[in-house]
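Residue numbers for the sequence shown follow the numbering used here, beginning at 116 and rising by one. Worksheet: one structure, shown below.
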Amino acid sequence: MKVLFLETVHSILRERLESAGHVCFDLSKTNSPLAQHSDAEGLVIRSRIQADATLMDQLPQLKFIARSGAGMENVDLLTAGHHGIEVFNSPEGNQNAVGEHTLGMLLALLNKLRSADSGIRRGVWDREGHRGVELASQTVGIFGYGHMGEAFASKLRGMGCCVIAYDKYRSGFGTKHVEEVDLAEFKQRTQILSIHCNLTAETHGIFDRACLQSFAQSLVLLHTARGPILRTADLLDALQTGHVTHAALDVFERESGGFEALNGEGDPVWTRLLAHPRVLLSPHVAGWTHESYFKLSDVLADKILDWAG
Numbered sequence: 116m117k118v119l120f121l122e123t124v125h126s127i128l129r130e131r132l133e134s135a136g137h138v139c140f141d142l143s144k145t146n147s148p149l150a151q152h153s154d155a156e157g158l159v160i161r162s163r164i165q166a167d168a169t170l171m172d173q174l175p176q177l178k179f180i181a182r183s184g185a186g187m188e189n190v191d192l193l194t195a196g197h198h199g200i201e202v203f204n205s206p207e208g209n210q211n212a213v214g215e216h217t218l219g220m221l222l223a224l225l226n227k228l229r230s231a232d233s234g235i236r237r238g239v240w241d242r243e244g245h246r247g248v249e250l251a252s253q254t255v256g257i258f259g260y261g262h263m264g265e266a267f268a269s270k271l272r273g274m275g276c277c278v279i280a281y282d283k284y285r286s287g288f289g290t291k292h293v294e295e296v297d298l299a300e301f302k303q304r305t306q307i308l309s310i311h312c313n314l315t316a317e318t319h320g321i322f323d324r325a326c327l328q329s330f331a332q333s334l335v336l337l338h339t340a341r342g343p344i345l346r347t348a349d350l351l352d353a354l355q356t357g358h359v360t361h362a363a364l365d366v367f368e369r370e371s372g373g374f375e376a377l378n379g380e381g382d383p384v385w386t387r388l389l390a391h392p393r394v395l396l397s398p399h400v401a402g403w404t405h406e407s408y409f410k411l412s413d414v415l416a417d418k419i420l421d422w423a424g
């Protein structure tokens, strides 16, 4: 098969495909029109390229799209299905990284590590002000129990906390470590909320003012999924009213399509977020480790080669 690489991924994917006899073309750094490659049967992308109907129409022989990463919001799955195009992604490749990063952000929040470090550097020795909260005393609610939610739950084993999870589209996943609950019970019991659902039309903005206020207890909020799932302005209001006490965000509403930059310079909501002392931020790197960069492509190679026979 002829396979086009439209974005940069780890070289192991191309190496394995070529070793199996497929012909690969790297178009990630060129402006070569797709029309010159209308006989391509495979396509490799990450998060920047929109694999929509317009793109698929240019590749009438296309048999598969491989998305390096977990989210599928940049792939038109309905059009792909209509044309019989197989779609692969690789959440198995970075789920461990997301789980570890989420746990790290949570522990940093509960133990006030950012302000503790900053205070000492400013000559302030405030032990009482940095008294922490033990994770073992908390109930962690995981919203969305796919690869990422399950990976985070696995990191919580041995921490002594209670872990509950809700997933509208999955059931029967409860274990001795994770209790499956319905949405009403989830909102009643959750003290630490970790968001791990996919970004879809249904989940876009689902965590808004009304949703955050519907939880029975004040929340520590963790968000490592996709930025638009959470309304930033409503989160800031919830921090002000006490519905949320602390938040850690790895993803943001104002990210560019490829997650490589931020849009909306001068946005007052963004300015408020940056200034908030109880918010911890990281630049969409939860799933982006040295190890996961390799694994994301290696998992895709497994799936493509298994499918191709």
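From the three backbone atoms N, C-alpha and C, an ideal C-beta is built for every residue, glycine too. Since this is a predicted model, take the numbers as computed values, not measurements.
- Counting along the chain, the unbroken alpha helix (DSSP H) around Asn211 starts and ends at Gln210 to Leu225.
- Put simply, of Ser143, Ala150 and Thr305 the residue whose alpha carbon is nearest the alpha carbon of Ser162 is Ser143.
- Contact between the segment 256-266 and the segment 299-313 is established, with three or more Cβ pairs separated by less than 8 Å.
- Using a Cβ distance threshold of 8 Å, Val118 and Ala166 do not count as a contacting pair.
- For Trp403, the closest of Gln173, Asp172 and Pro206 by C-alpha to C-alpha distance is Pro206.
- Counting only residues of its own chain and dropping the five nearest sequence neighbours on each side, Ala416 has a CB closer than 8 Å to the CB of Ile127, Leu128, Arg131 and Leu132.
- Counting C-beta pairs with one atom in each stretch, the segment 312-319 and the segment 333-341 have three or more that are closer than 8 Å, which means they touch.
- By the Cβ neighbour-count rule, Asn204 is buried, with 16 or more other Cβ atoms within 10 Å of its own.
- DSSP, read as helix, strand or coil, puts Ser309 in strand.
- In the structure shown, Ile235 falls within a helical segment according to DSSP collapsed to helix, strand and coil.
- In the three-state reduction of the DSSP assignment, Arg369 falls in the coil class, being assigned neither a helical nor a strand state.
- Within its own chain, the residues whose Cβ lies closer than 7 Å to the Cβ of Leu224, once the five positions on either side in sequence are excluded, are Val335, His361, Ala363 and Leu395, listed in chain order.
- Sequence-distant partners of Asp413 (beyond 5 residues in either direction) whose C-beta falls short of 6 Å from its own C-beta, in its chain, are Ile127.
- The residues Val202, Asn204 and Asn313, in chain order, have a CB closer than 8 Å to that of Met187 in the same chain once the five nearest residues on each side in sequence are set aside.
- When DSSP states are grouped into helix, strand and coil, Val248 belongs to the coil group.
- Under the three-state reduction of DSSP, Phe330 is assigned to coil, being neither helix nor strand.
- Uninterrupted alpha helix (DSSP H) stretches at least 4 residues long and entirely within the segment 126-157 occur at 126-134, given in chain order.
- For Gly234 and Val159, the gap between their C-alpha atoms comes out near 47 Å.
- If the five residues before and after His245 are omitted, its C-beta is found closer than 6 Å to the C-beta atoms of Lys227 and Ala231, all from its own chain and listed in chain order.
- Per DSSP, the beta-bridge partners of Ile279 are Gly256 and Glu294.
- Take the alpha-carbon of Lys270 and the one of Thr290: they are about 14 Å apart.
- Distance between Trp385 and Ser153, taken at the CA atoms: about 43 Å.
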